[in-house]
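First up is the structure itself, then whatever we jot down about it.
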Amino acid sequence: MKTDQINAVVIGASAGGIEALQQILPRLPKGYHLPIVIVLHIPSGQRSYLSELFLTKTDMLVKEADEKEVIKSGTIYFAPPGYHLLIERDFTFSLSTEESVHYSRPSIDVLFESAAEAFGTHLLGILLTGASPDGAAGLKRIQDRGGVALIQNPDTALARVMPEAARSLLLPLSEQVLSLEEIVLLLLRLKR
Amino acid sequence: MELGPLLESIYLQYHYDFRHYSKASMERRAAQAMFRMNCKSLIELQEKVLLNAEAFFDLLQFFTVSVSEMFRDPSYYLALREKMFPILKTYPSLKIWVAGCSTGEEVYSLAILLQEEGLLDRTILYATDINPRSLAEAERGVFALGDVQKFTQNYQKSGGKHSLSDYYIASIDSVKFDRSLVKNITFSDHSLATDSVFSETQFVSCRNVLIYFDRDLQNRVFGLFHESLCRKGFLGLGTKETVEFSKYANDFNVFLPEEHIFQKIEKRGGVKRED
Ligand SMILES: C[S@@+](CC[C@H](N)C(=O)[O-])C[C@H]1O[C@@H](n2cnc3c(N)ncnc32)[C@H](O)[C@@H]1O
Chain A
323 MKTDQINAVV IGASAGGIEA LQQILPRLPK GYHLPIVIVL HIPSGQRSYL SELFLTKTDM
383 LVKEADEKEV IKSGTIYFAP PGYHLLIERD FTFSLSTEES VHYSRPSIDV LFESAAEAFG
443 THLLGILLTG ASPDGAAGLK RIQDRGGVAL IQNPDTALAR VMPEAARSLL LPLSEQVLSL
503 EEIVLLLLRL KR
Chain B
-16 MELGPLLESI YLQYHYDFRH YSKASMERRA AQAMFRMNCK SLIELQEKVL LNAEAFFDLL
44 QFFTVSVSEM FRDPSYYLAL REKMFPILKT YPSLKIWVAG CSTGEEVYSL AILLQEEGLL
104 DRTILYATDI NPRSLAEAER GVFALGDVQK FTQNYQKSGG KHSLSDYYIA SIDSVKFDRS
164 LVKNITFSDH SLATDSVFSE TQFVSCRNVL IYFDRDLQNR VFGLFHESLC RKGFLGLGTK
224 ETVEFSKYAN DFNVFLPEEH IFQKIEKRGG VKRED
């Protein structure tokens, strides 16, 4: 697995996602050398306090992504509720209120596919627990563009639909299906 | 995916200007259009839409994102009702511009609000969009029954004084809004990218349109709104949109930060902006 030239990390999760992220994000140090962009499904109509929730739990900067914002390392970005989050080729964010994908807006596929086009081989995509097939096609696109695609081991996931959907789409590689702990260790091992 | 040549040729032939739209989302929609319009490549899509205007309007359905909702973000409408309309009430007559009105959900919501605040009779609403099919839908005022539950919840959260069903007649699969709501609405084809200002207004509501534009085009559009608005006129934007980082940042005050409602600053002594 080529992880020596990663410039950004994208993460997708649904049911059980908050718990899973609570095992990952607090372990990353202040000023972590990569940006981390996250789509986490939350019930629609609910205001999202994701960025507030994680603000106190990690030393990295945490915020909701804004349109045209330049993506910076050391920062964790959450997709705003009700909007798809996309990454442009100039490494800025855009937002869209297009149709839901797999009943979700924000959708993981939309983020992953645009990130794959923008970052190509320099992207690491991680799909965690979830009860929706959203994200599988996006993770496949990341792999197709030469990026690194990781899946939480469905046996360790609170909901296995999401990681299983991805596993059946991806070209199987070693070190692709990992526990949360292994994901953390890999993130900490990534070189500057 | 290189959309440049397609967008350039569309502009030359049809005068629809998508050249300054955010790329990632346009590429996604172009890919959907290729698939649904049975084109294997962008070149093929380009040939098709240049040869056939009907095909161009099919493509327009993909290039414009028409998803909308009545009383979307109820707190916005609540703020209009409680904080802004009391000020607008002091005007003898009102002109309101809903820019990028799509299929009409936003302008019908405003009409209902104005009706309940006793303002509809002295208000003219301009509802504009570039998508003629959306405008025709908006004019009909018919919405899918399946969406009405959501609209009703939103209406109630926005401080609605009656029941939303007072304003429509339901049939098997749709609801049709009362014609009394549309009598003061003018629907017209107007592009924020290529057209100019057509009227002075006291309030412009433009929500979830600017997110699709690049900075240059956003600046153009803020210029149009600035020109259209009267002194102390209001500008309401979507929850992720702001004039604060634009060329017009100093020409507006933040009226209600939570709801992204801005107010045009009254300039003294004819300060001229540098362009
Ligand atoms: C996502 S909808 C927003 C609908 C509504 N304002 C709302 O917030 O629910 C965006 C609309 O902007 C319109 N639009 C796109 N480009 C435009 C332009 N240059 N001028 C005017 N309207 C435009 C699209 O046709 C579409 O109907």
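Residue numbers (our numbering), protein chains in the order written: chain A, 323 to 514; chain B, -16 to 258. From the three backbone atoms N, C-alpha and C, an ideal C-beta is built for every residue, glycine too. Keep in mind the model is a prediction, meaning the values are calculated, not measured.
Neighbour flag for residue i against chain A, beta carbons, 8 angstroms
| i | result |
| --- | --- |
| S5 of chain B | yes |
| N191 of chain B | yes |
| K263 of chain B | Any property of residue 263 of chain B remains undetermined from this structure, which presents chain B solely from -16 to 258. |
| R116 of chain B | no |
| I194 of chain B | yes |
| S8 of chain B | yes |
| G253 of chain B | In this prediction, G253 of chain B has a pLDDT of 49, which is less than 50 and means its spatial position is unreliable; nothing more can be read from the coordinates. |
| R2 of chain B | no |
| R203 of chain B | no |
| R162 of chain B | no |
| R198 of chain B | yes |
| D258 of chain B | Its pLDDT being 49, under 50, D258 of chain B is placed unreliably in this model, and the coordinates cannot settle the point. |
Minimum Cβ-Cβ distance from residue i to chain B less than 8 angstroms
| i | result |
| --- | --- |
| G334 of chain A | no |
| S436 of chain A | yes |
| E503 of chain A | no |
Those residues which DSSP pairs with residue i across a bridge
| i | result |
| --- | --- |
| A127 of chain B | B:S157 |
| D172 of chain B | B:D112 |
| A330 of chain A | A:L445 |
| L239 of chain B | B:I244 |
| S141 of chain B | Bridge partners of S141 of chain B: none, in fact. |
| F186 of chain B | B:I79 and B:F217 |
| Y151 of chain B | B:F160 |
Any alpha helix (DSSP H) of 4 or more consecutive residues that is wholly inside the segment 332 to 381 of chain A
Qualifying alpha helix (DSSP H) stretches, in chain order: 339 to 346 and 372 to 377.
message = Counting only Cβ-Cβ distances shorter than 7 angstroms, please list the residues of the segment 48 to 59 of chain B near chain A, keeping chain order.
response = Across the segment 48 to 59 of chain B, CB contacts with chain A closer than 7 angstroms involve V48 and V50, in sequence order along the chain.
Q.
Residues of the segment 400 to 423 of chain A in Cβ contact with chain B at a cutoff of 7 angstroms, in chain order, please.
A. The segment 400 to 423 of chain A vs chain B, Cβ under 7 angstroms: P402, Y405, L408, I409, E410, R411, S416, L417, S418, T419, E420 and E421.
- [ ] Entirely within the segment 66 to 119 of chain B and at least 3 residues each: give me those beta strand (DSSP E) ranges in chain order.
- [x] The segment 66 to 119 of chain B contains these whole beta strand (DSSP E) runs: 77 to 82 and 106 to 112.
| said: Under 8 angstroms, CB to CB, which of the residues in the segment 385 to 396 of chain A have a partner in chain B? | reply: Answer set for the segment 385 to 396 of chain A: D388, E389 and K390.
#### Entry: Complete runs of the beta strand (DSSP E) confined to the segment 394 to 480 of chain A [at least 3 residues]
With a minimum length of 3 residues, the continuous beta strand (DSSP E) runs that stay inside the segment 394 to 480 of chain A are 397 to 400, 406 to 409, 415 to 418, 445 to 449 and 470 to 474.
Going residue by residue through the segment -15 to 38 of chain B, where are the continuous alpha helix (DSSP H) segments of at least 4 residues, counting only ones entirely within it? As for any alpha helix (DSSP H) of minimum length 4 sitting wholly inside the segment -15 to 38 of chain B, the runs are -13 to -3, 6 to 19 and 25 to 34, ordered along the chain.
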